[in-house]
Every structure is written in C-alpha cells, then in structure tokens.
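These notes concern the structure reproduced below.
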Amino acid sequence: MQTSMGEKAHLPCNVTPPSEDDSITLVLWYRSDVKILPVYTVDIRHNRDKAKHLTHEVLADRAFFNLSVRPAILTLDPILETDGAEYRCRVDFRWGRTLTSVINLSVIVPPKKLYITDSKNQQISGLIGPVEEGSDVRISCVVEGGRPPPSVHWYRDNGLIDASATAGRPPPSVHWYRDNGLIDASATAGDGSLVRNELLIENIRRNDLNSIYSCNAINNNFSQTSISTFVTPPAQLTWLKDNRLLSKTRETFTDEGNVTTSVLEFVPSAEDHGSYLNCRAENLRLANSSIDDQWLLNIFFQPKVNLSMKTSAAKGLVVVGSQLFMECQISANPSVVEVKWLFNGKPLKQDIERELFIRNSSLEIRSARREDQGLYRCYASNLEGKTDSNELRLDIHFSPICKQSEGNNSIGAAVGETIELECAVEASPVSVTFDWTVNRFLLHNHIQRSNQGLTSRLAYKVHNKDDFGTIECSAKNAIGLQRQPCLFHIVAAGLSMPTIPRYSLPFNVSLKCQAYYLQTSHSNKTDASFLVECTAGYDGGLNQTFHLDIFDDSERKRLLTQLTNKLKPIFAAVRPRVCTGIAIMG
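Per full-length UniProt numbering, the sequence shown starts with residue 1, numbered consecutively.
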C-alpha cells in the first residue's frame, strides 16, 4: 500500500469469525520498527459493548480502528514520514484460530526544499543579477530530500528545456538555442538526498527581460515549482485555481530589485483535470496592472470505475421476472478505449434470447432469471491503464421449486411397509418450511419426518389400501409458496395384469375384427381408418408401455401394422387395408 505524507492511510484487517457462533476477543496491531509491543490494541474480552482501544505513543492520537466495517480499518491521519513500515494485524477469537493480516505501507515524501543558486552556489531570492548585458548566467536548481527521489526540469516561458536530473541516473547534457544565444542545461545527480540541475544562459540581452525561468521537481504526483520572472517595479503574485485563491498551499514572496518569486506547492489529482491554474502578478501601486499566466490542467489518470444497479423490484428485492439495470460509471483521461463486462469472472456478452442487453457502459436485464444470479463486474481501460470496478452480487430470489429429479415419482409399496420419501427443492432465500399432504389431506404430526436445509424426509407407513394415493410435498420461503408441489404416487406393488380390450366406437374389439371404414371424401375403402381403445390392467406399481399388432387374414398372419403408446392403451390405425386380427399387449 502506498500513500503520501500528510494524507490519510486506511489499513484493512480481516476480522470475520470462522463461524457464526464465534466472536472477536482481541485485536493487536504490530509495526515492524516497534519491537515487542503492539502499536494499537482493541480489547473485547470482558465487555463486547465497551471495547478498550489502546494506542502506542508512535501513533498517539493519529490512529483509530473501526470494527463496524468489513474489512475492519485502521486509519492513520495524518501520515508521517516515519510511518512507512510493515504492519501486522492479529485477531483472536473466542473459539477459532488466530487470523493475521500483513500490510506494507510505503510513504511518499515530497522534496523538503527546492531553491535556485547562482554560479557561487549562493541561493537566489527571486532576482537574477545584477548582470551585465552580453554576459553569461549560470544558475542551478537544487532539490533536497524526497522519497522516491525526484526528477528536476528547467522551463523557459513554459517551454521545457529538455534536460532532467534524477538521483542515481547518469546526468544528460542538452544545448538549446534561443535567438540571441545558447541555453545549456546540464543535469547532475547527487547521492540520493540532493539533486542539482544547472542551467547556462549565454549572452544575456534586453529582450530576455520578463522571461520566466522555472525549475520543476516531480516526485510521483507531487511537484514543486519555482518561477523567476523579470519585472519592474516589484509585483505581488497570487495563485488561483478556477479563479479561487489557493489559500491552503504554501506560498512565499520575495520583492528585491525587479524580480518577484512565488513558490507554490500543488498536488494535482484526477478531480483537477480540466481546471485552470493561474499565476497572477499585479503592482498594487498601479490600477488595472494585473496580468495572468494560465495553465489548463490536463491530468492523465487511469479510469475511475464504479458499478451500480437499479431495479424495478419493490424494496430492491430482485425476484424472477424483475427488470434491472447496471451502470458502469467511468471517469477517465484520456478517454476510455474499452469497456467490458464480466459475469462470475468470465466475459459477458449480449444475449437477446436471455433478454440481456449491453450498451457500452450499461447493462439491462429485462426479465431476470435464476441463471442471472452471480457476481457482476465491469472494467475500463485507457492509455494510462485498466481499472476494475467494484464487484456487485446479484441475488435472484424465487419461491421453492422441485429439483429436476424430484418432480413426479411413482413408488410401489406393500401393505405394512414403511417407505422413505425425500423431498428436495431449490429456493432463494434458502430458509424454507415444508408441508406434507396425502390425497390433499395434511399429514398428522405423528408421522415421522425431518427437515434439513432445502431437503425434507418422510417415513411413511402403508397401513391398508386406503393409504395408497398421491403424497404432495410443498415448501415455502419469504417469496411465497411453492407453485407446483413435488409428487409421490404410492401404488400397490405386485405383478402387472394384461391389458383388456374393450369396445371402441364404432365396433367391438376382439381378437378377430373387421375394420370399420370411417367416412372420407373418397369412395376408395383402402383409405379407411379406425380407433382401438382398451382398458389398462393393474401395473404392479411400475410404468407400463402398450403395444398394438395388426395382422392380415392369410395363414402366415403377416404383420401389417405395429403401434406403441407409452401413456394409455388408445390406438388410431390409418389405412390398415384389411384387418382380420388384432393382438393387444400391455
């Protein structure tokens, strides 16, 4: 984790108990540069409602540990340079094992001092000179301190003189020519605590008057700028951002000779993109004398991404059929080049059949289904990098339904036998209650049953033939009652009986029959059709399949037609020609 000196740091710590019946007793924060003793302690061993917070002197009153959020957060405000260290959070529970979280905190320290010196290594206070026209000027920009080491640049009238110095790197040497002479910027690097960048301005002329030479030191997002301007008489300088005075920044003024210098510390952020930074100079002795130099802040930053959701469901409770929208809110500079969606960690694409529509940074689900439940995330990328959004969990709530294999079962049983029935459902929320009925009557309490989560088990005894029938299992949760109960058909177990032919209009069915020709639009009787309907015999507790064979009248009894029905013994024969024999099997 990286933060800047003077800002806040939020150190996370996992304090989630390993089980629901467990609780926190003690939280200890250790720091690598503080031996043995913890730097922050939260003691909950004796009173859960009044936890004791104890702070080591190295943190004093700058630390606070918030247990009400997940993960819990240790806030350090403000951050000091000495706070850079390894932090270890130890959490003790009443029953569970100890958890430990480790965070490495790196503190960005801005440069301590930035100043300009002359050729004699004397610090210049705003005014360069006096110097003679045609002479050379050699000045140096010196930066002390800073972590990580800063890089130093020279500018002339906001134009970069392309030579920079950074501690630990070989110094470059660049010559840059203006109209009347050479400007030489040669960078030199120190031992890591000091960076020097020397600027040579040859052949000073009158048209150099009012030129602005600035030295810029950059340390990550921190910058310090020193501007030297040739003006006469002395001016008062102020800094503004979007025409608002930067009163909270450090500003110094030097009025000597014809030079005024203002030093501004400014920490640009993504929110400053598009703002205007103004340096205003004015002579208080002259009316309407103010002049402005203005910079449009073009801050490049990775996308800032936030995923949010809104739904048509009442109270925000998404149920099957609800319409919902997700918005990937993005702020970025330069503009994003790609926006993608993820579902359960895998790429998500538009699916019209599922009524799932993606329009760049928007996602619409017009009719939520159970399959839409899961984790959603979006990410955006630009030239500065890629940023993932927060992860949003979508829970689709629905009333209980039977599992696929539990929908409709036939079970054979004998009188006096006890059978075990298991009713398994799917539901959200998963907290359900079960009811069992037999032939639409609620089962008595003395029937042995047990419920475990989304499964209910029933021990059912068949006392006599009246106990055969249909047993229904229905579950209920906060969304509602199960629409289609799980069915168990309890039938008497035994051998199956043959199928009995019975008459079927317009003729009686027997082993010998003549085809009855139904009325058709043609006189050709070879197009005749007839219907055979039978009565099913006892199935013995198992599923039956019915077959009809039709033979001709020859001695060979040649098979003309063979029909099968898995549901009931009813057969329609089309164009059987001459039917003289029918065999029915069940």
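Backbone N, C-alpha and C define an ideal beta-carbon position, used for all residues, glycine too. Computed from a prediction, not measured in an experiment: that's the story for all the values here.
Checklist entry - If you check the beta carbons only, do Leu458 and Val432 fall under 8 Å apart? => result Taking the first residue of the sequence shown as 1, we reach residue 458 at position 458. Taking the first residue of the sequence shown as 1, we reach residue 432 at position 432. For Leu458 and Val432, no; Cβs fall outside 8 Å.
Next on the checklist: What does the alpha-carbon distance come out to for the pair Ala427 and Thr75?
Outcome noted: Residue mapping note: residue 427 aligns to position 427 of the sequence shown, counting from 1. Residue mapping note: residue 75 aligns to position 75 of the sequence shown, counting from 1. Distance between the alpha carbons of Ala427 and Thr75: 41 Å.
Next on the checklist: Let me check understanding here. Comparing Cα to Cα, which of Glu282, Glu417, Glu265 and Phe300 lies closest to His273?
Outcome noted: Position 273 of the sequence shown, counted from the start, is the residue given in the question as residue 273. That would be Phe300, whose Cα lies nearest to the Cα of His273.
Checklist entry - Using CA coordinates, which residue listed in Thr25, Val320 and Glu57 is at the minimum distance from Trp95? => result Working through the sequence shown from its first residue, we reach residue 95 at position 95. Comparing Cα-Cα distances from Trp95 to each of Thr25, Val320 and Glu57, the minimum goes to Thr25.
Checklist entry - Where does Ala515 sit, in a helix, a strand or coil, going by DSSP? => result In the sequence shown, the residue the question calls residue 515 occupies position 515. Only weak support is given to the placement of Ala515: the predicted model assigns it a pLDDT of 39, under 50, and the question is left unresolved by the model.
Checklist entry - Leu531: which of Asp466, Val305, His547 and Ala572 sits nearest, CA to CA? => result Translated into positions along the sequence shown, residue 531 becomes position 531. Closest by alpha carbon: Ala572.
Item to check | Residue burial classification, Ser140 (beta-carbon count within 10 angstroms, cutoff 16) | outcome: The sequence position of residue 140 within the sequence shown is 140, counting from 1. Classification of Ser140: buried, given that the 10 Å Cβ count is 16 or more.
Next on the checklist: Here's a check: name, in chain order, each residue in its chain whose Cβ is nearer than 8 Å to the Cβ of His522, leaving out the five neighbours to either side.
Outcome noted: By one-based count along the sequence shown, residue 522 stands at place 522. Residue confidence is low: His522 scores 42 on pLDDT, short of 50, so the model does not pin down where it sits. Its coordinate-derived value is still stated next. Taken in chain order, the list of residues that qualify is empty.
Next on the checklist: By alpha-carbon positions, which one of Ala478, Val102, Leu277 and Pro111 ends up nearest to Arg88?
Outcome noted: By one-based count along the sequence shown, residue 88 stands at place 88. Out of Ala478, Val102, Leu277 and Pro111, Val102 has the C-alpha closest to the C-alpha of Arg88.
Checklist entry - DSSP state of Lys50, grouped into three classes? => result Counted from its first residue, the sequence shown places residue 50 at position 50. Lys50: coil per DSSP, three-state reduction.
Checklist entry - Which of helix, strand or coil does DSSP assign to Thr82? => result Position 82 of the sequence shown, counting from 1, holds the residue named residue 82. Note: Thr82 maps to helix in three-state DSSP.
Item to check | Identity of the residues DSSP links to Lys304 by a beta bridge | outcome: Here residue 304 corresponds to residue number 304 of the sequence shown, with the count starting at 1. Its beta-bridge partners are Ser331.
Next on the checklist: Can you check which of these residues, Ile36, Arg48 and Leu28, is closest to Asp22 by C-alpha distance?
Outcome noted: In the sequence shown, residue 22 corresponds to position 22, counting from 1. Closest by alpha carbon: Arg48.
Checklist entry - Taking the beta strand (DSSP E) that Glu20 falls in, what are its first and last residues? => result Along the sequence shown, read from residue 1 onward, the residue named residue 20 stands at position 20. No beta strand (DSSP E) contains Glu20, which DSSP labels as neither H nor E.
Item to check | Reduced DSSP secondary structure (H/G/I, E/B, other) of Asp292 | outcome: For the purposes of this step, residue 292 is taken as residue 292 along the sequence shown, with counting starting at 1. Strand.
Next on the checklist: When you compare the segment 134-152 with the segment 108-119, are there three or more beta-carbon pairs, one atom per stretch, that lie closer than 8 Å?
Outcome noted: yes
Checklist entry - Three-state secondary structure (DSSP) at Ala281? => result Residue 281 sits at position 281 when you count from the first residue of the sequence shown. Strand.
Item to check | Contacts around Val305, its chain only, beta-carbon distance under 6 Å, and the 5 residues preceding and following it disregarded | outcome: Position 305 of the sequence shown, counted from the start, is the residue given in the question as residue 305. Hits under 6 Å: Ile330, Ala380, Thr387 and Ser389.
Checklist entry - Just checking my contact of Ile218 with Pro150 at CB under 8 Å: how many whole Å lie between their CB atoms? => result The residue you call residue 218 lines up with position 218 of the sequence shown. The residue you call residue 150 lines up with position 150 of the sequence shown. Sure, about 6 Å apart at Cβ, within 8 Å.
Checklist entry - Among the residues of its own chain, which have a CB less than 6 Å from the CB of Leu99, if the five just before and after it don't count? => result For the purposes of this step, residue 99 is identified with residue 99 of the sequence shown, where counting begins at 1. Counting only Cβ-Cβ distances below 6 Å, and skipping sequence neighbours, we find Asn14 and Val91.
Next on the checklist: Taking 7 Å as the cut-off, is the C-beta of Arg70 nearer than that to any heavy atom in the ligand FMN?
Outcome noted: The model on display carries no ligand, and the ligand FMN is accordingly not part of it.
Item to check | Other residues of its chain near Leu28: CB distance less than 7 Å, five sequence neighbours each side excluded | outcome: Here residue 28 is taken as the residue at index 28 of the sequence shown, counted from 1. Within the same chain, and ignoring the five residues on either side of Leu28 in sequence, the residues whose Cβ sits closer than 7 Å to its Cβ are Pro38, Thr41 and Arg90.
Next on the checklist: Between the alpha carbons of Ser275 and Asn66, how many angstroms are there, rounded?
Outcome noted: Residue mapping note: residue 275 aligns to position 275 of the sequence shown, counting from 1. Residue mapping note: residue 66 aligns to position 66 of the sequence shown, counting from 1. Spanning the two alpha carbons is a distance of roughly 35 Å.
Item to check | Cut-off 6 Å between Cβ atoms - residues of its own chain near Cys423, not counting five sequence neighbours on either side | outcome: As a working note, residue 423 is residue 423 in the sequence shown. Excluding positions up to five away in sequence, the list reads Ser456, Cys473 and Cys486.
Checklist entry - What number of angstroms, rounded off, separates the C-alpha of residue 599 from the C-alpha of Phe64? => result Outside the modelled stretch of the chain, which goes from 1 to 586, sits residue 599, for which no answer is possible.
Checklist entry - Do Tyr213 and Leu200 come within 8 Å of each other at the CB atom, strictly closer than that value? => result The residue labelled residue 200 in the question sits at position 200 within the sequence shown. The residue labelled residue 213 in the question sits at position 213 within the sequence shown. No.
Item to check | Proximity to Arg449 [Cα-Cα], best of Arg370, Val462 and Phe434 | outcome: The count along the sequence shown starts at 1 and reaches residue 449 at position 449. Of Arg370, Val462 and Phe434, the residue nearest in Cα terms is Phe434.
Checklist entry - For His489, which option in Ala478, Asn439 and Leu394 has the closest C-alpha, if you only look at C-alpha atoms? => result Position 489 of the sequence shown, counting from 1, holds the residue named residue 489. Of the candidates Ala478, Asn439 and Leu394, the residue whose Cα lies closest to the Cα of His489 is Asn439.
Checklist entry - Can you tell me whether DSSP reads Ala217 as helix, strand or coil? => result As a position in the sequence shown, residue 217 is number 217, starting the count at 1. Ala217 sits in a strand when the DSSP states are folded into three classes.
Item to check | Secondary structure of Arg354, DSSP reduced to three states | outcome: Locating residue 354 in the sequence shown gives position 354, counting from the first residue. Three-state result, Arg354: coil.
Item to check | Identity of the residue in Pro17, Val491, Lys349 and Arg366 nearest Gly417 by Cα | outcome: Working through the sequence shown from its first residue, we reach residue 417 at position 417. According to the sequence shown, residue 417 is Glu rather than Gly. Answer by Cα proximity: Val491.
Checklist entry - Hey, Thr5 and Ile124: beta-carbon distance below 8 Å or not? => result As a first step, residue 5 must be located in the sequence shown, where it is residue number 5. As a first step, residue 124 must be located in the sequence shown, where it is residue number 124. Note on residue identity: the sequence assigns Met, not Thr, to residue 5. No, these two residues do not count as a Cβ contact at 8 Å.
Checklist entry - How would you label Arg558, buried or exposed, when you count the other beta carbons within 10 angstroms and need 16 or more for buried? => result Here the question's residue 558 lines up with position 558 in the sequence shown. Flag for Arg558 reads exposed.
Next on the checklist: With DSSP as the reference, identify every bridge partner of Trp436, one or two as the case may be.
Outcome noted: Here residue 436 corresponds to residue number 436 of the sequence shown, with the count starting at 1. Paired residues: Cys473.
Next on the checklist: Considering just the uninterrupted stretch of the beta strand (DSSP E) at Thr75, what are its terminal residues?
Outcome noted: Sequence index remark: in the sequence shown, residue 75 carries index 75 (1-based). Segment Ala72 to Leu76, the beta strand (DSSP E) holding Thr75.
Checklist entry - Short check: CB of Glu86 to CB of Pro111, under 8 Å? => result Here residue 86 refers to the residue found at position 86 of the sequence shown. Here residue 111 refers to the residue found at position 111 of the sequence shown. Going by C-beta atoms, Glu86 is not nearer than 8 Å to Pro111.
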